[in-house]
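Down below is the structure, laid out as structure tokens.
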Ligand code: SAH
């Protein structure tokens, strides 16, 4: 892995990138560069738009509150999009912010909110989820932004998975057994991870999920984890055994 250049600040700018192009910035981005980071004319930062890799850009202040960036050159190619789907029962506010950021840091390429019987959240703020995904990408040197799907009921979310995708179902009702051994019993495949709501899955939901072919129920140990803890634990063990942490 090319070591990310964390000496420089990284900013997501949703614009077309080509050498020498001027990137107009929104006010909050200008304020962040000029008044929070206190960057001066010609200071360099790294920018990405989620499609064209990572570029070096120079700050061009326009007064105290506005700035634009001048693109210099691409310093990193755009990596292939992550294939990992993360399906989750949305949580409330800060817990959801945290879960979205961690899922992106852990390499999820698609975020699919799933409405189950015990899901506490009805309306989802997808813009807020996108802002959290961007923040995680800016902080962690991630160049691709996840696809954020609109929420779906459990049955539709399951039906929406392509058949060859292995669904790793984190089931708090599963007999405790090593998730590593369970995952190692499977070969490489496109992956999806499913985490339930604070109140867990109902028996009927458990049966529905387990009935889907190409589904593997795993235990995450002898303790019941909170959903946002389970998200990180599950994504870690999946990435380590079958995902992009495994040495290939
Ligand atoms: N029913 C429990 C909470 C479920 S935790 C209660 O109310 O306390 C929320 C989700 O995290 C679960 O649906 C499951 O997807 C995951 N999870 C938590 N602990 C787990 C474990 N020990 N094994 C597998 N999944 C777990």
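Residue numbers (the numbering used here): 2 to 249. Glycine included, C-beta positions come from ideal geometry on N, C-alpha and C. The model shown is predicted, which means the values in this text are computed figures rather than measured ones.
For the beta strand (DSSP E) that residue 87 lies in, which residues bound it at each end? 86-89
Would the C-beta of residue 178 count as close to ligand 1, meaning under 8 Å from any of its heavy atoms? no
Please state if the CB of residue 68 and the CB of residue 40 are separated by a distance shorter than 9 Å. yes
Which of helix, strand or coil DSSP assigns to residue 115: strand
Going by beta-carbon coordinates alone, are residue 139 and residue 110 separated by less than 9 Å? no
Between which two residues does the beta strand (DSSP E) harbouring residue 169 extend? 167-171
Could you tell me how far apart the beta carbons of residue 53 and residue 79 are, in whole angstroms, since I believe they sit closer than 8 Å? 6 Å
Rounded straight-line distance, which links the Cα of residue 63 to that of residue 50: 22 Å
Please identify the residue among 156, 121 and 101 whose C-alpha is closest to the C-alpha of residue 137. 101
Measuring only from the beta carbon, is residue 158 closer than 8 Å to any heavy atom that is part of ligand 1? no
Which two residues bound the contiguous alpha helix (DSSP H) that contains residue 210? 204-212
Does DSSP classify residue 128 as helix, strand or coil? helix
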